[in-house]
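Engineer: Here my numbering = 1-based position in the sequence shown + 13.
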Amino acid sequence: MLVRRYASLTARLPASEATTPRARVCASQELEPMSTGLGARRVLVSALILSNVLPAWAAGGAPGGDAEPLQLVVVSATRIPTPQLDLASSVTVVTAEDMAAQQQRTIADVLRNIPGLNLVQQGGPGSVTSVFMRGTNSNHTKVLIDGIDVSDPSNANAAFDFGQLLPQDIERIEVLRGPQSGLYGSDAIGGVINVITRSGSGPMKLAASIEGGSFDSFNQTAGLSGSQDAFRYSANVAHLHSGATPVTPPDLLGPGEPRHDDYYDNFTVSTKLGLDVAPSFDLGLVARYTSTHLHYTGEDFSTFPALPAAQQSESNTDEYYGRATAHLVSLAGALDQTLGVAFMRNQTATLQPQTPEGLNTGERVKVDWQGAVRLAAAETLLLGLEDARDEISQPLSASTRIDSGYAELQSQLGEHWFSALNARYDDNDRFGSKVTYRVAPAWVSQASGTKLKASVGSGFKAPTLSELFQDFAPFFFANPNLKPENSVGYDAGIEQGLAGNAWRLGATWFHNRIRDLITTDVTGTTWANVGRATTYGVESFIAWQPARQLVLRVDHTYTEASDDLAHQELLRRPKHKGTLNVSWRPREALLLDLSVLSVSTWVDGNRDFSIPRLDAPGYTTVNLAAAFDLTRTFTVFGRLDNLLDRRYENPVGFLQPGLGAFAGFRAKL
Numbered sequence: 014m015l016v017r018r019y020a021s022l023t024a025r026l027p028a029s030e031a032t033t034p035r036a037r038v039c040a041s042q043e044l045e046p047m048s049t050g051l052g053a054r055r056v057l058v059s060a061l062i063l064s065n066v067l068p069a070w071a072a073g074g075a076p077g078g079d080a081e082p083l084q085l086v087v088v089s090a091t092r093i094p095t096p097q098l099d100l101a102s103s104v105t106v107v108t109a110e111d112m113a114a115q116q117q118r119t120i121a122d123v124l125r126n127i128p129g130l131n132l133v134q135q136g137g138p139g140s141v142t143s144v145f146m147r148g149t150n151s152n153h154t155k156v157l158i159d160g161i162d163v164s165d166p167s168n169a170n171a172a173f174d175f176g177q178l179l180p181q182d183i184e185r186i187e188v189l190r191g192p193q194s195g196l197y198g199s200d201a202i203g204g205v206i207n208v209i210t211r212s213g214s215g216p217m218k219l220a221a222s223i224e225g226g227s228f229d230s231f232n233q234t235a236g237l238s239g240s241q242d243a244f245r246y247s248a249n250v251a252h253l254h255s256g257a258t259p260v261t262p263p264d265l266l267g268p269g270e271p272r273h274d275d276y277y278d279n280f281t282v283s284t285k286l287g288l289d290v291a292p293s294f295d296l297g298l299v300a301r302y303t304s305t306h307l308h309y310t311g312e313d314f315s316t317f318p319a320l321p322a323a324q325q326s327e328s329n330t331d332e333y334y335g336r337a338t339a340h341l342v343s344l345a346g347a348l349d350q351t352l353g354v355a356f357m358r359n360q361t362a363t364l365q366p367q368t369p370e371g372l373n374t375g376e377r378v379k380v381d382w383q384g385a386v387r388l389a390a391a392e393t394l395l396l397g398l399e400d401a402r403d404e405i406s407q408p409l410s411a412s413t414r415i416d417s418g419y420a421e422l423q424s425q426l427g428e429h430w431f432s433a434l435n436a437r438y439d440d441n442d443r444f445g446s447k448v449t450y451r452v453a454p455a456w457v458s459q460a461s462g463t464k465l466k467a468s469v470g471s472g473f474k475a476p477t478l479s480e481l482f483q484d485f486a487p488f489f490f491a492n493p494n495l496k497p498e499n500s501v502g503y504d505a506g507i508e509q510g511l512a513g514n515a516w517r518l519g520a521t522w523f524h525n526r527i528r529d530l531i532t533t534d535v536t537g538t539t540w541a542n543v544g545r546a547t548t549y550g551v552e553s554f555i556a557w558q559p560a561r562q563l564v565l566r567v568d569h570t571y572t573e574a575s576d577d578l579a580h581q582e583l584l585r586r587p588k589h590k591g592t593l594n595v596s597w598r599p600r601e602a603l604l605l606d607l608s609v610l611s612v613s614t615w616v617d618g619n620r621d622f623s624i625p626r627l628d629a630p631g632y633t634t635v636n637l638a639a640a641f642d643l644t645r646t647f648t649v650f651g652r653l654d655n656l657l658d659r660r661y662e663n664p665v666g667f668l669q670p671g672l673g674a675f676a677g678f679r680a681k682l
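1) Would G195 and T536 qualify as a contact pair, given that the criterion is a beta-carbon distance under 7 Å?
2) Tell me which residues share the same chain as L320 and place their Cβ nearer than 6 Å to its Cβ, disregarding the 5 neighbours each side in the sequence.
3) Can you tell me where the beta strand (DSSP E) with Y661 in it begins and where it stops?
4) Look at the alpha carbon of V66 and the alpha carbon of V564, and state the distance between them as a whole number of angstroms.
5) Unbroken beta strand (DSSP E) runs of length 3 or more, entirely within the segment 155-228: which are they?
6) From the DSSP output, in three-state form, read off T449 for me.
7) Please list, in chain order, all residues of the same chain as R211 whose beta carbon is under 6 Å from its beta carbon, the five residues on each side excluded.
8) Does the beta-carbon distance from T521 to G506 come in below 7 Å?
9) Name, in chain order, the residues that DSSP records as bridge partners for M357.
10) Excluding the 5 residues preceding and the 5 following P664 in the sequence, name in chain order all residues of the same chain whose CB lies nearer than 7 Å to its CB.
11) Which word fits P138, buried or exposed, when buried means at least 16 other C-beta atoms lie within 10 angstroms of its C-beta?
12) If we count Cβ pairs, one from each stretch, closer than 8 Å, do we get three or more for the segment 526-534 versus the segment 496-511?
13) Tell me whether the beta-carbon of D576 lies closer than 7 Å to the beta-carbon of A541.
14) Can you say whether R37 is buried or exposed, counting buried as having 16 or more other CB atoms within 10 angstroms of its CB?
15) Pull up the distance between the alpha-carbon of S613 and that of A345, whole angstroms please.
16) Look up Q115 in the DSSP assignment and say whether it is helix, strand or coil.
17) Report the rounded CA-to-CA distance for A467 versus L98, giving the unit in angstroms.
18) Please state the DSSP three-state secondary structure of I120.
19) Is K474 closer than 7 Å to D200 when the C-beta atoms are compared?
20) Can you tell me whether DSSP reads F482 as helix, strand or coil?
21) Short of 6 Å in beta carbon distance, which residues of its chain neighbour A680, apart from the five on each side in sequence? Order them along the chain.
22) According to DSSP, what are the bridge partners of A541?
23) Under a three-way DSSP split, which group does L643 fall into?
24) Check each candidate in I202, I206, F173, I531 and name the one with the smallest Cα separation from V188.
25) Can you check which of these residues, Q115, R598, M146, is closest to Q562 by C-alpha distance?
26) Measure the alpha-carbon distance for P292 versus D349 and round it to whole angstroms.
27) Suppose contacts are defined by Cβ-Cβ distances below 7 Å. Is S417 in contact with E399 by that definition?
28) Ends of the beta strand (DSSP E) at T570?
29) Is DSSP giving D504 helix, strand or coil here?
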């Protein structure tokens, strides 16, 4: 049914209080549609649950206890809050409690263990960080922060760099796998990562933390949040410092040449404000600024193969994100509308030895409207319009405009059937129009604990401004006649609860067929829509909660990703990825967390790609975290990363950190 405005999103309704799953979770709650930019501010999972450790519908009371399960509400799958149980989408939700339990300090740490994702970080903290979702390209994932599209127009492939995002103010992250262009347009071939920051409510609260440890790490955070009458506020500041991260493998250094460690600083300031102007009308504002400084070892291309440069390079980045919204509920709650204006600006300055300073600047302005109409008690129609302008101003000036409209019908048929059908039209002033869609039915039996799900959808990726207009004369030239990359994706799966949901297991098969990939033409001098690729595989999991204090989960992702023209594996797509997550609270004040990540071999090139294809060895890492509440106000914590001190490169030519020890404390007032 149509959701209403504001108040807690905590899904607490016992199963006996309503007749349908959606009614049980949504009917008595005032939930926020995604377009408000304020997001699902208070969707709560037990503090015992790790990131993607246990499906939310299995959280809550211990098996056999009196408490009934909590159900998690997801926003990104349908753009309006919907119980996860009703969704055919494959979605993983990571909460602030999950990130605190594992003591994750960067978004790269958060995403590394999520099923269906392969994360590649070219060095230590702050280095370029890419995500390959279900075997698709790193620029095939739509990334949103509070409803703001944060893909970087100034980046050559317009991908978002996850290396610059800190989680200190994040309430939750939703990772939605599978083609989603029917709702989100360009970039969503592989899926969507939706980041929702924390909102304020209740009396003023203050929080601060400080942490230090290996690799000359020193991190600090501070924030305040709350509400006063009709005004809600949240403000946060964070600083992450890493001054001694070894990245260059010793075997790449020349005789007697010293190894320079990476050095990184990140300062992030953010705020989220809300004002209830009237009972049915409110205004919202989110803003975020990040300034980073990175020293790293680049390449010396005066030799072949290229070698790590004797002098370090520098990269300085300034990121600005903002969004203002007006939200109105009318017709006795049957119509829920949001008008939003968003702005983003990325500027990166790069200084390399004996090379002029490089400067890249990209901007995006987007105006959007979204309306949700309750057609019946179990049927909602979602409509949306968007107008966006992307622009790069350095090193060249170019822009593109996209006008879009979308619609989705979300229905519940009887007690067991749920469906979401959507379609979207995008009109781009460079390549023309594009129509995409998605159909996603699910069948749920609470009596047997069974869920069957399937979906089919299309996706596309628009050519970037760099691909269209940026020449590197006289050797390489842009192609203003490029068309979008296109895809069709399918998935189907089953999830089953056993022993009163103490056990939960499931598997999802997926298949993506991608055509018109933008790659170099046969002459190697320009871009062309000539590539083809296929990715397929299975995501599976087993979760067990033998007691309220103990939660375990194992995930496995099998991925095949191939170039259909060259008949070769795509680079940086391991076939197997497995994770183990264990969370245990032996005492009320003590929380222990264990995470294991194992990745199989994959195909990669060496550091300068003078060897374009080689087999990279797999690796396994173990992390252990502990936190102890000294009082209700003060907590001490510590963690060991890469406990077994495994030495590995990912990607090839870039060492990942060995054993690291960290400790700190936090206070909440």
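Beta carbons are placed, not taken as given, at the ideal position from N, Cα and C, and that holds for glycine.
Structural biologist: Looking at the atomic coordinates:
1) Here residue 195 refers to the residue found at position 182 when the sequence shown is read from its first residue. Here residue 536 refers to the residue found at position 523 when the sequence shown is read from its first residue. No, the pair does not count as a contact, with Cβ atoms beyond the cut-off.
2) Residue mapping note: residue 320 aligns to position 307 of the sequence shown, counting from 1. D313.
3) For this step, residue 661 is matched to residue 648 along the sequence shown. Element bounds for Y661: n/a, residue is neither H nor E.
4) On the sequence shown, residue 66 is found 53 positions in, with the first residue counted as 1. On the sequence shown, residue 564 is found 551 positions in, with the first residue counted as 1. For V66, the predicted structure reports a pLDDT of 32, less than 50, and the residue's modelled location is therefore unreliable. A value from the coordinates is still provided. Taking the straight line joining both Cα atoms gives about 7 Å.
5) 183-190, 204-210, 218-226
6) Mapped onto the sequence shown, residue 449 falls at position 436. Residue state, collapsed to three classes: strand.
7) The residue labelled residue 211 in the question sits at position 198 within the sequence shown. For R211, where only same-chain residues beyond five positions count, the Cβ hits under 6 Å are D182, E184, S247.
8) Reading the sequence shown from its first residue, position 508 is the one you call residue 521. Reading the sequence shown from its first residue, position 493 is the one you call residue 506. Their beta carbons are under 7 Å apart, which means T521 touches G506 by this criterion.
9) Locating residue 357 in the sequence shown gives position 344, counting from the first residue. M357 is bridged to Y334, R377.
10) For the purposes of this step, residue 664 is taken as residue 651 along the sequence shown, with counting starting at 1. Closer than 7 Å at Cβ, skipping near neighbours: V133, Q135, R585, D617.
11) In the sequence shown, counting from the first residue as 1, residue 138 sits at position 125. Buried.
12) yes
13) Within the sequence shown, numbered from 1, the residue matching residue 576 stands at position 563. Within the sequence shown, numbered from 1, the residue matching residue 541 stands at position 528. Against a cut-off of 7 Å, the Cβ pair of A541 and D576 comes out as no contact.
14) One-based indexing of the sequence shown puts residue 37 at position 24. In this prediction, R37 has a pLDDT of 35, which is less than 50 and means its spatial position is unreliable; nothing more can be read from the coordinates.
15) Reading the sequence shown from its first residue, position 600 is the one you call residue 613. Reading the sequence shown from its first residue, position 332 is the one you call residue 345. Cα-Cα distance, rounded: 55 Å.
16) In the sequence shown, residue 115 corresponds to position 102, counting from 1. In the structure shown, Q115 sits in a helix (DSSP, three-state: H, G or I).
17) The residue labelled residue 467 in the question sits at position 454 within the sequence shown. The residue labelled residue 98 in the question sits at position 85 within the sequence shown. C-alpha separation (whole angstroms): 13 Å.
18) Counted from its first residue, the sequence shown places residue 120 at position 107. Correct three-state label for I120: helix.
19) Position 187 of the sequence shown, counted from the first residue, corresponds to residue 200. Position 461 of the sequence shown, counted from the first residue, corresponds to residue 474. Cβ atoms of D200 and K474: closer than 7 Å.
20) Taking the first residue of the sequence shown as 1, we reach residue 482 at position 469. If DSSP states are grouped into helix, strand and coil, F482 belongs with the helices.
21) Residue 680 sits at position 667 when you count from the first residue of the sequence shown. Around A680: A221, T646, F647.
22) Numbered from its first residue, the sequence shown carries residue 541 at position 528. Paired residues: T532.
23) As a working note, residue 643 is residue 630 in the sequence shown. The answer is coil: DSSP assigns L643 none of H, G, I, E or B.
24) Along the sequence shown, one-based indexing puts residue 188 at 175. Here the closest residue by C-alpha is I206.
25) Residue 562 sits at position 549 when you count from the first residue of the sequence shown. Ranking the options by Cα distance to Q562, first place goes to R598.
26) Residue mapping note: residue 292 aligns to position 279 of the sequence shown, counting from 1. Residue mapping note: residue 349 aligns to position 336 of the sequence shown, counting from 1. In a straight line, the C-alpha of P292 is about 13 Å away from that of D349.
27) Position 404 of the sequence shown, counting from 1, holds the residue named residue 417. Position 386 of the sequence shown, counting from 1, holds the residue named residue 399. Cβ distance < 7 Å, so S417 and E399 count as in contact.
28) Along the sequence shown, read from residue 1 onward, the residue named residue 570 stands at position 557. Residues 563-576.
29) The count along the sequence shown starts at 1 and reaches residue 504 at position 491. The answer is strand: DSSP assigns D504 an E or B state.
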